[in-house]
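Quick note: to get our numbering, add 945 to the position in the sequence shown (first position is 1).
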Amino acid sequence: MSVDGESISMPVAVVACVAMAIFYVLILYAPTVILRLPEASSFSDFIIRRFICAAISTVASLIFTASLLPIKAWEASYVLGVFGIRRDHLWQGVLYPLLLTSLVYAGSLVLKLLLLLKSWKEDGGGCSSFNNIKSFVQTIPAWILTGASNISLWRNLVVAPLTEELVFRACMIPLLLCAGFRIYSAIFLCPILFSLAHLNHFREMYIRHNRSYLKASLIVGLQLGYTVVFGAYASFLFIRTGHLAAPLFAHVFCNYMGLPALYARGKGLVSAAFLFGVVGFVLLLFPLTKPLMYNDRTNDCPCWLGYCLWN
């Protein structure tokens, strides 16, 4: 990556990141507050409006970030590479982080397997279960079509992960690293902004869903805590691998799975699997995210593209 001799100052980088986080949230209310459009007539219309707002915010953040970074070479591959959008080592950027993330959900996966075996036994096994499996396989095309038309699935598994990773990882981390922040400072600063971007959920819980102030606070507090932890992990993946695909697919997987299953009544195997998975996650966190596994060279710098050397 070719850059000029000047780097971004730390205050500028922080202000830029805060501005992008605020813009990402506030633009969601632009249709009714700024444009004075009537309230959405349906849930689908409401979510589609938010899709459009999130897309505008994301594109604006990418352009804004590119204008601030001291990039000298503007070839498409270089610019996209700054944001972690790369084709090289792509399968490593998807597979290894996904396997690593799945270890945290070992308890959840074992629980699903136990429930599947229980269903198989209740059906008597044998031909009956084979027929059930055959019937399930035959319904997959219809299930895919149903999922494709489910606006909530699009939000949780496509639009939200993609736009959030582009803004809170692909845009913010290069700015912070280029400004001279230490890697671990960037890893823990981005999740704070990432969690603040979810504060709008309190308004929805309290007003739209008519929850009590205490209950809404507890729910949103739990969400914020989870987003801080996940945000730190996603930032770690992005910096270590240099691939946007790494945190993106981990984000999609976590959104699909929900909170990890720590235990299940009468099923000690679930708790054992969870503990085993956590231990495996800790042991494999650094080996499975070794930068040289995802890049041909790292320029003697612990983060890809030499961001640590820009300043």
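Where is the CB? At the ideal position from N, CA and C, for every residue including glycine.
A quick note: this is a predicted structure, and the numbers were derived from the prediction, not measured.
Just to confirm, is the Cβ distance from residue i to residue j under 7 Å?
i, j, result
"LEU1193", "PRO1136", "no"
"LEU1048", "PHE1231", "no"
"ALA961", "LEU1120", "yes"
"PHE1219", "LEU1204", "no"
"TYR969", "VAL1112", "yes"
"CYS1116", "SER1006", "yes"
"LEU1214", "VAL1055", "yes"
"ILE1237", "LEU1045", "The residue asked about is misnamed: residue 1237 is Leu in this sequence, not Ile. Taking 7 Å as the Cβ cut-off, LEU1237 and LEU1045 do not qualify as a contacting pair."
"ARG1114", "PHE1183", "yes"
"CYS998", "ILE972", "yes"
"GLU1110", "HIS1196", "yes"
"ASN1095", "ASN1200", "no"
Can you look up residue i in the DSSP assignment and give me helix, strand or coil?
i, result
"ILE1016", "strand"
"ILE972", "helix"
"SER1097", "helix"
"SER954", "coil"
"GLU984", "coil"
"ARG1031", "coil"
"ARG995", "helix"
"GLY1038", "helix"
"ILE979", "coil"
"PHE1126", "coil"
"TYR1023", "helix"
"MET965", "helix"
"VAL959", "helix"
"ASP949", "Since pLDDT at ASP949 reaches only 41, below the 50 mark, its modelled position is unreliable, and the value read off the structure follows with that caveat. Reduced to three states, the DSSP call for ASP949 is coil."
If I'm right that residue i touches residue j with Cβ under 8 Å, what's the distance once you round it to whole angstroms?
i, j, result
"PHE1181", "ILE1132", "5 Å"
"GLY897", "ALA1051", "Since the displayed the chain opens at 946 and closes at 1256, residue 897 lies outside it and no answer follows."
"LEU1138", "VAL963", "7 Å"
"CYS1123", "LEU1014", "6 Å"
"LEU1169", "SER1140", "5 Å"
"ALA1177", "THR1108", "19 Å between Cβ atoms; not a contact."
Use the C-beta contact count for residue i: other C-beta atoms within 10 angstroms, 16 or more gives buried, fewer gives exposed.
i, result
"TYR1129", "exposed"
"ALA1190", "buried"
"SER954", "exposed"
"PHE1028", "buried"
"PHE988", "exposed"
"ALA1093", "exposed"
"PRO931", "A question about residue 931 goes unanswered here, because the residues of the chain that appear run from 946 up to 1256."
"TYR1239", "buried"
"LEU1061", "exposed"
"GLY1187", "buried"
"ILE1118", "buried"
"ARG995", "buried"
"SER1022", "exposed"
"SER1053", "buried"
"ARG1257", "The requested residue 1257 does not occur in the structure, where the chain is confined to residues 946 to 1256."
"LEU1163", "exposed"
"ALA958", "buried"
"GLU951", "Annotation note: pLDDT 49 at GLU951 (below 50); position unreliable, no value reported."
"PHE1166", "At residue 1166 the sequence reads Gly, which differs from the Phe that was named. Exposed."
"ILE979", "exposed"
"ALA1018", "exposed"
"ILE1008", "exposed"
"ARG1032", "exposed"
"LEU1090", "exposed"
"LEU1058", "exposed"
"LEU1134", "buried"
Item to check | Contained beta strand (DSSP E) runs [length at least 3] in the stretch 1170-1240, N- to C-terminal order | outcome: none
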